[in-house]
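Start counting the sequence shown at 13; every next residue gets the next number (this note's numbering).
Glycine included, C-beta positions come from ideal geometry on N, C-alpha and C.
Computed from a prediction, not measured in an experiment: that's the story for all the values here.
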Amino acid sequence: MINEKGNATAVILPIESYKKILAILEEFEDRKETKILSQSVEFKKLVKKGLEDIKLDRIKPWKEVLDEL
């Protein structure tokens with residue numbers, strides 16, 4: 013669809029095509045966020061600490077932690 017100046021303002025497409033576009037955009041955003049996190053020094057420190065805590069058995073079941081909150 014175009015406006016009175018001839019500029020494209022909307023597109024009509026089958027719902028399945030629209031859903032595919034949304035899925036692709038969502039996957040792209042997930043990858044983008046993953047890339048941003050993987051480059052974060054702070055995130056890397058937190059992951060390293062978490063893995064160390066698991067290795068040293070400094071963990072609690074999530075239900076126990078939730079009850080403490």
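Contact belief for residue i with residue j at Cβ below 8 angstroms, rounded distance in angstroms
i: Leu49; j: Phe40; result: Not quite, the Cβ-Cβ distance comes to about 15 angstroms (not below 8 angstroms), so this is no contact.
i: Ala20; j: Ile14; result: 6 angstroms
i: Lys71; j: Asp65; result: The question names Lys, but residue 71 in the sequence shown is Ile. So it is a contact: roughly 6 angstroms between Cβ atoms.
Beta-carbon contacts of residue i that lie in its chain and below 8 angstroms, excluding the five residues immediately before and after
i: Gln51; result: none
i: Gly18; result: none
Cβ neighbours of residue i in the same chain (closer than 6 angstroms, five flanking residues each side left out)
i: Ala35; result: none
i: Ala22; result: Met13
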